[in-house]
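Residue numbers (our numbering): 1 to 69.
Below you'll find the structure, written out as structure tokens, and then a few comments.
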Amino acid sequence: QWEAIKQAKKWGCSEYDMFGSAPNLNKNHPLHGVHIYKKGFGGHLFHRMGCWDYPYNQKLYDLYKLTEN
């Protein structure tokens, strides 16, 4: 991401969406550390609808989901 940030700055961009953080500010949430890290860069927290997976191969996706956890 650092290279993308540097390139965006060269192009005159003043904002960069780092994407992804805990959906709430609960200190027990698994992504709370990610939130604290990104908060250290400053900026604003925006809540969005989230992400979804759209598998093109359902069998491979099911296998992936079994091994993900």
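Beta carbons: idealized from backbone N, C-alpha and C, even for Gly.
Owing to the predicted nature of the structure, the values given are computational and were not obtained by experimental measurement.
Between which two residues does the alpha helix (DSSP H) carrying residue i extend?
i	result
residue 32	32–39
residue 65	58–68
residue 6	2–10
Leaving out five residues before and five after residue i in sequence, what residues of the same chain have Cβ atoms less than 8 Å from its Cβ?
i	result
residue 53	61
residue 8	16
Thinking C-alpha only, which one of the options is nearest residue i?
i	options	result
residue 25	66, 6, 37, 3	37
residue 47	3, 6, 22	22
residue 2	50, 41, 49	41
Just to check my reading of the structure: residue i and residue j have Cβ atoms closer than 8 Å, yes? What is that Cβ distance to the nearest angstrom?
i	j	result
residue 34	residue 20	7 Å
Considering only residues of the same chain and omitting the five flanking positions on each side of residue i, which have a CB-CB separation below 6 Å?
i	result
residue 18	38
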